[in-house]
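Notes for the one structure printed next.
Protein chains: 4
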Amino acid sequence: MQSDSPKRAILLFTCPDQKGLVSMISGFIAQYRGNIISLQEHVDAHDKTFFLRVVWDMEGFDIPGNELDDAFQPVGKKFNAHWNIMFTGRKLRIAVMVSKYEHCLQELLWRQRLNESAYEIPLIISNHPDLSGMAEYHRIPYHVFPITKENKDSQEEAEIKLLEENNIDAIVLARYMQVLTSSFVEKYPNRIINIHHSFLPAFMGGNPYKQAYERGVKIIGATSHYVTQDLDEGPIIEQDIIRISHRDSVEDLKRRGRDLERIVLAKAVNYHAEHRILVNGKKTVVFE
Amino acid sequence: MQSDSPKRAILLFTCPDQKGLVSMISGFIAQYRGNIISLQEHVDAHDKTFFLRVVWDMEGFDIPGNELDDAFQPVGKKFNAHWNIMFTGRKLRIAVMVSKYEHCLQELLWRQRLNESAYEIPLIISNHPDLSGMAEYHRIPYHVFPITKENKDSQEEAEIKLLEENNIDAIVLARYMQVLTSSFVEKYPNRIINIHHSFLPAFMGGNPYKQAYERGVKIIGATSHYVTQDLDEGPIIEQDIIRISHRDSVEDLKRRGRDLERIVLAKAVNYHAEHRILVNGKKTVVFE
Amino acid sequence: MQSDSPKRAILLFTCPDQKGLVSMISGFIAQYRGNIISLQEHVDAHDKTFFLRVVWDMEGFDIPGNELDDAFQPVGKKFNAHWNIMFTGRKLRIAVMVSKYEHCLQELLWRQRLNESAYEIPLIISNHPDLSGMAEYHRIPYHVFPITKENKDSQEEAEIKLLEENNIDAIVLARYMQVLTSSFVEKYPNRIINIHHSFLPAFMGGNPYKQAYERGVKIIGATSHYVTQDLDEGPIIEQDIIRISHRDSVEDLKRRGRDLERIVLAKAVNYHAEHRILVNGKKTVVFE
Amino acid sequence: MQSDSPKRAILLFTCPDQKGLVSMISGFIAQYRGNIISLQEHVDAHDKTFFLRVVWDMEGFDIPGNELDDAFQPVGKKFNAHWNIMFTGRKLRIAVMVSKYEHCLQELLWRQRLNESAYEIPLIISNHPDLSGMAEYHRIPYHVFPITKENKDSQEEAEIKLLEENNIDAIVLARYMQVLTSSFVEKYPNRIINIHHSFLPAFMGGNPYKQAYERGVKIIGATSHYVTQDLDEGPIIEQDIIRISHRDSVEDLKRRGRDLERIVLAKAVNYHAEHRILVNGKKTVVFE
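Residue numbers (the numbering used here), protein chains in the order written: chain A, 215 to 502; chain B, 215 to 502; chain C, 215 to 502; chain D, 215 to 502.
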């Protein structure tokens with residue numbers, strides 16, 4: 215219920231592990247009379263890396279929002295940290311990219327319309343016109359960029375221009391059936407979220423439901439992950455599964471898998487929009 | 215893997231919510247050069263109550279273990295807190311009470327023998343001799359206290375004497391088919407763990423599998439909870455479920471339910487032994 | 215994928231158990247050169263009752279569809295059976311009744327639009343105008359019948375008239391916040407499907423999420439069942455659960471529970487529309 | 215509850231699909247006055263293959279058990295079927311092969327001791343002496359065959375001799391850390407059951423928990439399958455999963471995965487012992 219809550223600050227913070235980190239950060243907040251709503255930390259024992267997410271009320275906090283970054287600089291620098299401070303008042307601006315399947319797009323549109331989500335969807339991009347009606351119903355601009363081998367680079371450039379003009383924070387590939395080029399991916403590190411319709415790393419590549427059917431697995435899954443240069447290899451955000459049996463055909467898997475895909479993707483987008491994810495190399499820390 | 219770890223301190227702490235709590239506690243630890251391994255907190259927004267579990271290395275910590283309680287007193291008092299400090303070196307001493315069903319007892323015995331659990335089982339109490347062979351195999355004293363209406367009070371007194379002589383920290387009712395008297399329960403507040411073979415509060419009382427069968431539910435559950443004066447009403451620690459169908463008879467439910475009961479009970483006992491549970495009125499905060 | 219399949223017959227059959235039932239029924243189908251696609255049977259060992267669902271191709275079957283009922287009469291009568299023969303070509307006509315929550319309605323509308331479901335939704339009934347926009351988008355008539363204590367009987371009569379005029383086969387209460395009168399319920403035995411937002415029989419009655427929060431359960435559920443005279447006591451069709459924790463507020467439970475409610479209800483409606491359910495007293499046999 | 219039931223016959227039957235199969239088989243049983251307890255069938259629509267499992271009472275059946283094979287020959291031959299008839303009175307004789315991990319072995323021993331399982335364990339084979347104490351407690355012969363590169367073939371020959379002398383029906387690899395040679399595997403087609411500690415086909419090969427940790431998956435699994443020449447490629451019988459998080463170390467995965475492995479393996483062994491599995495090429499049909 216982001217929208218009705220009083221304004222809060224969210225700090226995501228990561229640095230080499232050392233003594234006193236929680237004390238220093240919570241001390242900073244206490245010093246300026248902030249009330250901590252939630253604090254979660256994790257230490258990667260293998261890499262000796264520290265991860266933290268802390269949320270505090272801005273009401274009654276002595277530092278105004280626009281001066282907070284500057285005020286926190288000394289703490290961040292002292293620990294050689296990567297850190298970001300966000301505020302709950304501002305909804306994340308998400309562009310959704312789709313092809314012809316509607317289930318994931320519908321799920322995201324419905325959730326943003328409930329006005330409970332921490333994101334808004336200012337625009338939809340597609341390589342096909344098929345889902346424009348749904349966009350229209352939700353009154354969201356729907357931009358069609360047909361992709362061919364020849365025009366891929368230029369079309370992507372046009373897409374990026376559009377994304378930039380709209381101050382898009384993150385991109386969701388909601389069963390977008392195109393592989394983005396490296397230069398597109400590089401523009402949005404850990405800001406492009408994909409849904410893969412298998413329990414990765416099982417059944418990477420194309421037609422995972424057919425692969426699953428042929429292997430005779432008893433469970434199928436879906437995986438939402440950040441997009442990196444290596445296809446299907448990006449940091450995993452969320453996964454879930456359903457049980458299947460010998461009675462299920464490939465078509466059944468596709469149909470039943472849709473319920474999984476849209477829920478898994480919606481969860482991952484929520485985690486991202488609520489600033490609950492810290493990337494740790496090829497993995498994620500998700501503070502639920 | 216408690217056993218191989220270096221010695222650590224675990225603080226469980228609860229008090230009325232206010233600003234600066236995390237800072238004060240983490241500051242205390244940092245001040246004496248403790249390295250925080252894990253910190254989890256929760257605020258009950260309804261009751262305005264603060265709950266915290268923090269674990270830190272005792273190696274290199276400036277206060278020796280036996281002086282830690284005294285040293286922390288000023289912090290605890292300042293916030294009008296309930297708190298406890300435990301150490302990972304010492305295994306919790308658990309007495310298991312059973313009747314005739316072996317599955318829960320076996321699960322607990324097996325786990326303690328692996329030497330990975332945070333508890334040991336110095337004795338078993340039963341109202342029947344049936345499971346003495348299993349106790350013998352694990353070389354654990356097995357005490358039989360047959361219970362009748364007439365002797366219940368005196369037998370329980372004898373049991374309590376035995377528990378006290380053996381410095382028992384907590385009691386696990388592993389399908390113990392007797393209801394403990396109020397005076398027994400009062401002796402061990404939030405220290406008696408029961409397994410109920412239903413998804414409480416559904417099917418309270420006797421024969422829950424038969425009740426479930428007759429109601430025609432599609433899912434059965436098991437619930438582990440602390441024992442209070444009100445039967446089946448104590449704070450819930452852990453629950454889990456399995457799917458069933460019209461094909462399952464009452465006997466099937468009993469048999470399949472066993473796999474659920476033992477896993478749910480074992481999890482709850484682990485949480486308790488690892489000091490992960492804070493009781494919040496009729497509910498629990500479990501820091502997994 | 216009912217829609218693309220060749221036309222098939224579905225027989226639902228129940229009678230007192232005895233020898234030779236499967237042989238007699240499958241023999242009937244074989245005698246007229248039917249190809250069995252699927253046959254599922256169940257014997258309630260307690261009540262000695264036999265349940266069967268069998269599906270066969272009508273292509274190449276020697277009896278035309280409109281003569282099948284008559285032809286099967288001797289078999290049905292011989293065994294003193296209740297039975298029904300349906301055909302896959304015809305979609306079940308379902309009326310959805312809603313109040314103000316949209317998630318369950320949206321789920322059903324979306325699934326019928328995919329044209330894969332075995333049902334169509336010719337009309338929506340509500341006691342509030344709130345969801346008329348969604349109906350309009352899907353081009354489905356939306357009828358508002360405001361309910362007060364005084365007009366309840368007459369409004370229900372008007373609703374029944376509307377249902378009958380539209381040849382409605384079954385009614386889905388998609389978070390319809392009114393209790394239907396006995397006379398309404400009697401009109402549609404085992405044909406009104408409700409979604410209750412708890413794991414019945416836990417938390418019957420109003421505000422189940424609040425009840426769940428206050429009891430401190432670790433799992434919440436949703437239950438879809440046929441509506442009978444006894445509120446929340448009808449035969450259960452489908453149930454599912456999600457794990458929750460101390461971090462979840464009542465609002466969180468409501469929000470997270472929605473994902474459960476719509477999936478559980480959609481599954482139950484599918485089972486009904488595909489003629490997979492046989493009612494066995496207060497219970498159901500669901501041939502998945 | 216096989217042991218207490220009256221004697222029943224179980225027919226597993228597979229052949230090219232055609233009309234009249236269910237009628238012919240159920241007709242055969244009815245003709246000799248058999249009462250069908252359960253009948254399940256499946257048609258692989260892709261391969262046009264028919265699979266059936268039917269159970270009927272031998273009490274009152276006109277053909278004695280020892281003449282049943284002969285009596286059914288004409289039906290089997292007519293349809294060019296593979297088929298087997300088994301009886302519930304006889305427990306399947308299972309040899310368990312282990313190395314040093316005890317959890318899977320203990321699970322199987324415990325279940326057979328409850329006397330509810332459809333199998334007995336007349337012997338245990340290991341390449342290490344570590345688990346002999348557990349075998350002794352259950353009074354089951356424990357044979358140690360240390361394996362080296364040099365003696366592998368001769369040791370396996372000795373093992374096979376032992377298995378044959380003991381009329382072993384099936385072999386369970388309960389975390390047996392050796393790969394069996396082709397000639398061993400060929401001797402027991404679809405009769406050697408393995409547990410792989412990952413959600414196959416993800417993380418084939420060694421150290422799957424380490425692989426899972428490094429990939430950062432949010433769910434781990436276990437897979438029980440028949441052993442074939444191709445390692446980790448045999449027909450899958452059963453799979454299940456548990457959720458993990460960034461908090462879990464490799465050691466945590468190993469510990470938590472154990473609970474999964476033993477339950478998944480025990481389920482698969484039950485399915486096999488109750489003659490519920492039909493192999494369909496690289497896949498299985500499991501009639502639960």
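Every residue, glycine too, gets a C-beta built ideally from N, C-alpha and C. Keep in mind the model is a prediction, meaning the values are calculated, not measured.
query	result
Collapsed DSSP secondary structure at residue 294(B) in the structure displayed	coil
Helix, strand or coil at residue 217(B) [DSSP, three-state]	Confidence in residue 217(B) is poor, its pLDDT being 42 and thus under 50, which makes the residue's placement too unreliable to answer from.
Status (buried if at least 16 other CB within 10 Å, exposed otherwise) for residue 408(D)	buried
Straight-line gap, residue 232(A) to residue 303(B) (C-alpha atoms, nearest Å)	23 Å
Three-way DSSP call (helix, strand, coil) for residue 435(D) in this model	strand
Per-residue contacts from residue 255(C) into chain D (C-beta, under 7 Å)	253
Residue 364(C) beta carbon near the ligand GDP (any heavy atom closer than 8 Å)	This structure does not include the ligand GDP; it has no bound ligands of any sort.
Beta-carbon gap between residue 499(D) and residue 492(D) smaller than 9 Å	yes
Same chain, Cβ closer than 6 Å to residue 380(A), neighbours up to 5 away in sequence not counted	336 and 337
Contacting residues, own chain, Cβ-Cβ under 8 Å from residue 282(C) (five flanking each side not counted)	223 and 299
Residues sharing a beta bridge with residue 252(D), DSSP	269(D)
For residue 264(A) and residue 239(B), the rounded distance between their alpha carbons	19 Å
Buried versus exposed call for residue 274(B) [16 or more other C-beta atoms within 10 Å across all chains shown]	exposed
With 16 other Cβ atoms within 10 Å as the buried cut-off, status of residue 244(C)	buried
Beta-carbon proximity check, residue 366(D) vs residue 430(A), cutoff 9 Å	no
Which of helix, strand or coil DSSP assigns to residue 497(D)	strand
Environment of residue 390(B) [buried if 16+ CB atoms lie within 10 Å]	buried
Whole-angstrom C-beta distance between residue 416(C) and residue 474(C), which should lie under 8 Å	Rounded, the Cβ-Cβ distance is 14 Å, inconsistent with contact.
Cα-Cα separation between residue 311(B) and residue 308(D), rounded to whole angstroms	34 Å
First through last residue of the alpha helix (DSSP H) which encompasses residue 242(C)	235–245
is_contact[residue 502(D), chain A] using C-beta, thresh 9 Å	yes
Where residue 396(D) falls, given that 16 or more other Cβ within 10 Å makes a residue buried	exposed
Option in 433(C), 454(C) and 443(C) with minimal Cα separation from residue 461(C)	433(C)
Short CB-CB distance (under 9 Å) between residue 227(B) and chain C	no
Within 9 Å, strictly: CB atoms of residue 411(D) and residue 423(D)	yes
Neighbour list for residue 298(A) in chain B, Cβ cutoff strictly below 8 Å	The contacting residues do not exist; residue 298(A) stays about 20 Å from chain B at best.
C-beta contact flag for residue 388(A) and residue 487(A) at 9 Å	no
Distance between residue 286(D) and residue 225(D) (C-alpha atoms, nearest Å)	10 Å
Bounding residues of the alpha helix (DSSP H) (the contiguous stretch that carries residue 376(D))	366–379
Coil, strand or helix - residue 458(A) by DSSP	coil
Listed by chain order, chain C residues near residue 441(B) by CB distance under 7 Å	Here the premise fails: no neighbours, minimum Cβ distance about 15 Å.
Proximity test, Cβ basis, 9 Å: residue 317(C) and chain A	yes
Residues near residue 242(A) by beta carbon distance below 6 Å, same chain, minus five either side	289
Beta-carbon gap between residue 441(D) and residue 478(D) smaller than 9 Å	no
Residue 402(B) in three-state terms, based on DSSP	coil
Residue-level contact to chain A via CB, residue 463(D), 9 Å cutoff	yes
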